[in-house]
Structure formats: C-alpha cells, structure tokens
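Only one structure is covered here, and it is reproduced in the block below.
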Amino acid sequence: MRNIGTGLRSFKQYEVALKFVSNLKGNLKLLDIGCQDEKLRYRLPKNIHYTSLDMSGNCDYNVDLNQERIPVKDGTFDILVCLETLEHTFYPEKVLEELKRVTKKDGFFILSMPNEYNLWLRLNYLFGIKKNQTDEPFQIVSKLQHIHKPRVKDILDLFSKHFKIIKVVQIWQSRLSTNSNFFYLADKIINLLAKVYPSLFARLVVVIAKQNKR
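Heads up: the sequence shown is residues 6 to 219, going by the working numbering.
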C-alpha cells in the first residue's frame, strides 16, 4: 500500500514529466511554467537546471503571460513544462507561441490541460453543481480560474497544431485519492478505463512533444 500524500504520487502529471526528463542526457535547461510550489525543482536529476515562472510567488520569474513576454532570449531552454496552466490564460495559442519562442528548435515540451467533459463533470453539469475552486460564478475571468473548457479532442487538436506529439498520457485522479487508500485504488481502476474511453474517464491529458518543423 502506498504512503499517502508523499512525493509526487498526488500529482500524476508531474510523475509523467519527471519520468521523461530523467531519461534525457546532457546538461539541460528546464523552464516550469505555472510552477506554483516548484514541485519539480528538487526532484530533477543533477544534469537538469531548473527555472520557474508564475504570475506571483517565490519563482525565478514573475510574469503575467496574458500581457508580458518571458524575459529571456529565443531558444534558451531545452525543456518546457506547462502543466494545467493554459486553461487559465486569456489566449492559450498566443501563450504557446511564446513558449515555443523560448525553447530550442530540438527542445521538448511537456504540456497538460484538464478534460472538462469527463464523466464526473458531466454529472455536475447535469445536476447544476458548481466547482468553487475553478468555476466560481461571475469570477472566472477576474480570478483566472478555468477560463477555457476543452474536451480531450480539443486539447489534442490544439497541441497537434503547434507541436509534433511524441506521447499522450490520459490520467484520472480524484482529490480524495490523496488521502484515502480506497479512492487511490478506485483511481487506478478508472485510469484503465481512461486509456480506452478518454473522453469520459480522463480528467487530465498530458502530452510530450517537440517543436514543429519551421
């Protein structure tokens, strides 16, 4: 049985990112967009130099990507991580162009967005239930909550337009699973369904990609 709430087990999208970058060789620079509490910083291998960016907080760069550019030269980073951030921005495609600008032409991108049409959310919509953390009435834009509500197809179409996708990981994870072994095991079962029926059973879509040829 797992040790509840330790490491990155409560954040499977970060597990995906960490597993991928841990296999990369050479001295590499990584930029973590929307870093929050910098979950990756102290878990990366020594060959990867970590830099963080968020709108505020104790990050290397405090930048509002809705209206500011990242203050670095073109092609600075080898790896760009942007997990569950784009749905909070006004213009995700403009943000993606900026992320591509600061990443090397042969660099890697690890990106994720939530599937807002999974089965649980569909039931919430059916019964008129609002999620106050991400869907607060009349406050979504001013508080930069989940401004965009994409399906799995929408997410993959967006990323395919801007990147060459290497791998797609569909994830289901409930908040209750971080504190309950029962829900942790239930999540493992639902994750099997997410591989077959992602539109219903994936809460999160994670993509590993490279730059499109210019």
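Glycine included, every Cβ here is placed at the ideal spot set by N, Cα and C.
Given the structure is predicted, the values throughout are model-derived calculations rather than measurements.
According to the DSSP assignment, residue 182 belongs to no beta strand (DSSP E), since it is labelled neither H nor E.
Residue range 53–59 is occupied by the beta strand (DSSP E) that includes residue 55. With respect to the 8 angstroms criterion, residue 45 and residue 19 are classified as neighbours on the basis of their beta carbons. Taking C-alpha positions only, residue 135 is separated from residue 77 by approximately 39 angstroms. Residue burial annotation: residue 202 is exposed, with fewer than 16 other C-beta atoms found within 10 angstroms of its C-beta. Between the segment 103–119 and the segment 160–170 there are three or more C-beta pairs closer than 8 angstroms, enough to call the two in contact. Per DSSP, residue 83 lies in no alpha helix (DSSP H) segment; the continuous beta strand (DSSP E) that holds it begins and ends at 82–88.
If you ignore the 5 residues before and after residue 55, its C-beta comes within less than 7 angstroms of the C-beta of 35, 37, 45, 46, 49, all in its own chain and listed in chain order. In the three-state reduction of the DSSP assignment, residue 196 falls in the helix class.
Residue 40 places its beta carbon 8 angstroms or farther from that of residue 27. Per DSSP, the beta bridge partners of residue 108 are 82. Ranked by how close their Cα comes to the Cα of residue 22, the residues 84, 72, 119, 111 have 84 in first place. Within 10 angstroms of the beta-carbon of residue 163 lie 16 or more other beta-carbons, which makes it buried. If you look at residue 36, you'll find it in the beta strand (DSSP E) that goes 33–38. Between the segment 115–132 and the segment 207–215 there are three or more inter-stretch CB-CB distances shorter than 8 angstroms, so the stretches are counted as touching.
Between residue 30 and residue 181, the alpha-carbon positions lie close to 36 angstroms from each other. Under DSSP, residue 119 forms a beta bridge with 209. A direct Cα-to-Cα measurement between residue 89 and residue 115 gives close to 11 angstroms.
Where residue 26 is concerned, the enclosing alpha helix (DSSP H) starts and stops at 17–26. Residue 189 is classed as buried because its beta carbon has at least 16 other beta carbons within 10 Å across all chains shown. At the C-beta level, residue 213 and residue 82 stay beyond 8 angstroms of one another.
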